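A.B. asks: Here it is: the structure, laid out below.
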Amino acid sequence: MSKKKAGKIGVLLVNLGTPDSPNTPDVRKYLREFLLDPRVIDINPVGRYALVNGIIAPFRAPKSAIVYKQLWTERGSPLLYHGLDLKVKLQTALGDDYHVAFGMRYQSPSIKSALEELRDKSVDRIIVLPLFPQYAAASTGSVQDKVMEIVREWWVIPSINFISSFCDDPGFINAFAELGKQHMEQDNYDHVIFSYHGLPERQVLKGSDKGYCQLGACCNTYNKRNKYCYRAACFATSRLLAEKLGLREDQYTVTFQSRLLKDPWLQPYTDEVLKTLPAKGIKKVLAYSPAFVADCLETTIEVGEEFKEMFEHAGGEKWQLVESLNSNDTWVEALREMILKH
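The numbering of the sequence shown is this note's numbering, which starts it at 838 and goes up by one.
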């Protein structure tokens, strides 16, 4: 008897999301969906609704729209087209035994549409890969939550496997190190900044192994007790990248950007640290943003332009952003290997 051929394996790539256009109404719509997620702003529902709809969305949307217009290209939002390019390249790399779909946690293309695409292909099982290297309940956890919310309505639910973190994956580290080395070959930098998206300290503490997390030296190692600690994961990525780049401990700094509201967020803050560097004789900085695998507002505009302006105003000479992985061939191969392991 001939053996029945196994069905395809579905791969779902998910990134955060982007407005449909850089116009204020679309930016406001995006901000509302994003910030009303209880995993993003984790306060009581009434307070969250009032804060987002009464203050943040009305007043922040017009300002954010101006920035999105700077970011927008002929192909639209970089976060979107880099994701679609990655989908195509990964599909080619994996071959016909796989079907790769791409969705956004917020806005379009939705996670639901991507899951329906996989269901239409009658895949035997699904590997869900949120494109966030370091696990956080507000990013990876939110994607996992949304996927489970959608598939629980299906009559037949295939096996689903989540890749929750790849902060220390060798392929991911090699791909980012490769990009940094290209810049380091062109100029001598005094220091490297690894700037990660921030999180409120309370969110890190809420998810910590009881009694272990101190938001301090506990992050000097990455182990079973803190493998889902965002801060520990950021430091783990930085140590591995620094090793690949041949950096000593005093040649790099880990910082956090993009804080919102007045609660204490993970520190040190990137914008505060960079202003102090020129006075220490650090005039040339290579800046990484390793929490993002695709260029977006937080990398291209915040790190690449706003921080550059701050650094130069403080007396710095050169601030160079290391571009994100996007659909880089080394990154595609890293993803292929990651998926084959699962």
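The beta-carbon is built from N, C-alpha and C at its ideal position, and this holds for glycine as well. Source: prediction; values computed, not measured.
#1: Identify, in the order they occur along the chain, each residue of the same chain with its Cβ nearer than 7 Å to the Cβ of W1102, setting aside the five sequence neighbours on each side.
#2: Considering only C-alpha positions, which residue in the set D1046, C1071, K906 is nearest to K1061?
#3: If you draw a straight line from the alpha carbon of D1108 to that of I880, how long is it in whole angstroms?
#4: Under three-state DSSP, which class holds L917?
#5: Using a 10 Å radius around the Cβ and a threshold of 16 neighbouring Cβ atoms, would you call Y1049 buried or exposed?
#6: Apart from the five residues just before and just after T1004, which ones in its own chain have a Cβ nearer than 7 Å to its Cβ?
#7: Considering Cα atoms alone, identify which of Q907, L917, D1027, S996 is closest to K1120.
#8: To the nearest angstrom, how far is it from the Cα of G1008 to the Cα of E1170?
#9: Rounding to the nearest angstrom, what Cα-Cα distance links K1042 and G1141 in this structure?
#10: Quick one: any contact between the stretch 958–966 and the stretch 994–1002, if contact means 3 or more CB pairs under 8 Å?
#11: Could you check what DSSP says for R989 in three-state terms: helix, strand or coil?
#12: Between S914, I878, E990, which lies nearest to K949 when the distance is taken from Cα to Cα?
#13: Span of the beta strand (DSSP E) holding S996?
#14: Got a sec, what are the start and stop residues for the alpha helix (DSSP H) H1020 sits in?
#15: Given a cut-off of 8 Å on the beta-carbon distance, is the pair M941 and L853 in contact?
#16: For P1037, list the residues DSSP reports as bridge partners.
#17: Please determine, among N1011, D934, V993, R865, the residue with the shortest C-alpha to C-alpha distance to E1080.
#18: Does the beta-carbon of P862 have 16 or more other beta-carbons within 10 angstroms, so that it is buried, or is it exposed?
#19: Comparing alpha-carbon positions, which option in S1164, K1018, L1114, K1099 lies nearest D788?
#20: Straight-line CA distance for H1150 to R1173?
#21: Run through DSSP, which three-state label would G854 get?
C.D. replies: On the basis of the supplied data:
#1: Cβ contact annotation for W1102 (same chain, cutoff 7 Å, sequence separation greater than five): G1035, L1036, P1037, E1038, F1093, R1096, in chain order.
#2: D1046
#3: Within the model, the alpha-carbon separation for D1108 versus I880 is close to 26 Å.
#4: Of the three classes helix, strand and coil, the one that applies to L917 here is helix, per DSSP.
#5: exposed
#6: According to the sequence shown, residue 1004 is Cys rather than Thr. Once the five neighbours on either side are set aside, the close Cβ partners of C1004 are P970, Q971, A1070, A1073, T1074.
#7: D1027
#8: Cα to Cα, G1008 sits roughly 8 Å from E1170.
#9: This sequence places Leu at residue 1042; Lys is not what is there. Separation of L1042 and G1141 (C-alpha to C-alpha, rounded to the nearest whole angstrom) is 30 Å.
#10: yes
#11: coil
#12: Sorting S914, I878, E990 by C-alpha distance to the C-alpha of K949 places E990 at the top.
#13: 996–999
#14: 1007–1023
#15: Result yes, Cβ atoms of M941 and L853 sit closer than 8 Å.
#16: W1102
#17: If we check each option's Cα against that of E1080, N1011 comes out closest.
#18: exposed
#19: Outside the displayed span of the chain (838 to 1179) sits residue 788, for which this structure offers no information.
#20: 43 Å
#21: Strand.
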